[in-house]
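All remarks here apply to the structure that follows.
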Amino acid sequence: MIGTLVNVATILFGSLIGSLVKSGLNERYHTILMQGMGLAVIGLGISAVATNLPNSQFPVLFIISLAIGGLVGEMTRFEERFKSGLSFILKGRVNEGLTTAILLFCVGTLSIVGPIEAALNQHYTYLYSNAILDGFTSIVLAATFGFSIAFSAVILLIWQGSIYFLASYASIFFTPELLIEFSIIGGLLILSTGLNIVGIHSFKTLNLLPALLIPILFFAGKLLIG
């Protein structure tokens, strides 16, 4: 868990620095920062999909996952309940900023593979690399949306911690095929967030998060049947 704790620390530190920078910027600088971050997020999402989709052995699984996951998210009103539960700190664009932070920090390849490598092989390179990237990203996000971005560190701790302990006791499920499907869906969620930020379209991205569960159910069922 040391790698995850380092990751959490860099996000908190980056959020602090970014929020201090934010106080010295006027609105037009905030706007260009948000636009720049939106384009960067779009690029990260496209890169994740383009890298992993050609390696998928089940090229329609991500489509089915997004469809089923989206329906589940909409039926349970996941995004609405999430934002309502945090309404005491979320105001205005902070909703969008925190959603962006959670997706960038939690559903990226390094954030998923890192805890698995730490649990199975005691390798922390991925987590330390992710910590550095998240630290710089949190500076930009906090400079745009404010210190509330730091709350994403709590979500990251729960997310990576869950993966770490699950991988420790159920390593057979974390196959390269599953990680590829995770990365494809995660890339598309990140892409949709980028489109939201730059105002091209408005996606209920959090309602699509249950899509990440579908590959787990698929491969678990495949393992049981096979």
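Taking numbering that gives the first Met the number 0, the leading residue of the sequence shown gets 0, the next gets one more, and so forth.
Just so it is clear, CB atoms sit at the ideal spot from N, CA and C, and this is done for glycine as well.
- How many Å lie between Ile-43 and Ile-138 at the Cα? The amino acid occupying residue 43 in the given sequence is Leu; Ile does not appear at that position. C-alpha separation (whole angstroms): 17 Å.
- Item | alpha helix (DSSP H) segment containing Ile-63, residue limits | 60–75
- Of the residues Ala-219, Leu-223 and Leu-211, the one placed nearest Gly-72, counting alpha carbons only: Leu-211
- Task: Could you tell me the boundaries of the alpha helix (DSSP H) in which Tyr-168 lies?
- Result: 151–168
- Query: Is it true that the CB of Ile-196 sits closer than 8 Å to the CB of Gly-37?
  - Reply: yes
- Proximity to Leu-97 [Cα-Cα], best of Phe-217, Gly-134 and Gly-145: Gly-145
- In its own chain, which residues sit with a C-beta less than 7 Å from the C-beta of Met-0, not counting the 5 before and 5 after it? Gly-160 and Tyr-163
- Within 10 angstroms of the Cβ of Ala-66, are there 16 or more other Cβ atoms? Answer buried if so, exposed if not. exposed
- Message: Check for me: the alpha helix (DSSP H) holding Asn-54 runs from which residue to which?
- Response: First-last for Asn-54: undefined, no H or E at that position.
- Message: Quick check: what's the CA-CA separation for Ser-18 versus Ala-141?
- Response: 5 Å
- Message: Within the continuous alpha helix (DSSP H) that includes Lys-221, where are the two ends?
- Response: 212–224
- Task: Mark Pro-175 as exposed unless 16 or more other C-beta atoms lie within 10 angstroms of its C-beta, in which case mark it buried.
- Result: exposed
- Item | Delimiting residues of the alpha helix (DSSP H) encompassing Gly-198 | Per DSSP, Gly-198 belongs to no alpha helix (DSSP H) and is neither H nor E.
- Item | Cβ-Cβ distance between Phe-218 and Phe-172 below 8 Å | yes
- Enumerate in chain order the residues of its own chain whose CB-to-CB distance from Met-33 is below 7 Å, with the five nearest sequence positions on each side excluded. Thr-143 and Ile-196
- Residue range of the unbroken alpha helix (DSSP H) whose run includes Thr-174: That residue, Thr-174, is in no alpha helix (DSSP H); it is neither H nor E in DSSP.
- Query: Anyone know if the C-beta pair for Phe-77 and Leu-216 falls short of 8 Å?
  - Reply: no
- Task: Taking 8 Å as the cut-off, decide whether the C-beta atoms of Leu-103 and Asn-6 are in contact.
- Result: no
- Delimiting residues of the alpha helix (DSSP H) encompassing Gly-2: 1–21
- Cβ of Gly-2 within 8 Å of Cβ of Gly-113? yes
- Message: Whole angstroms are fine: how far does the CA of Ala-39 sit from the CA of Ile-179?
- Response: 22 Å
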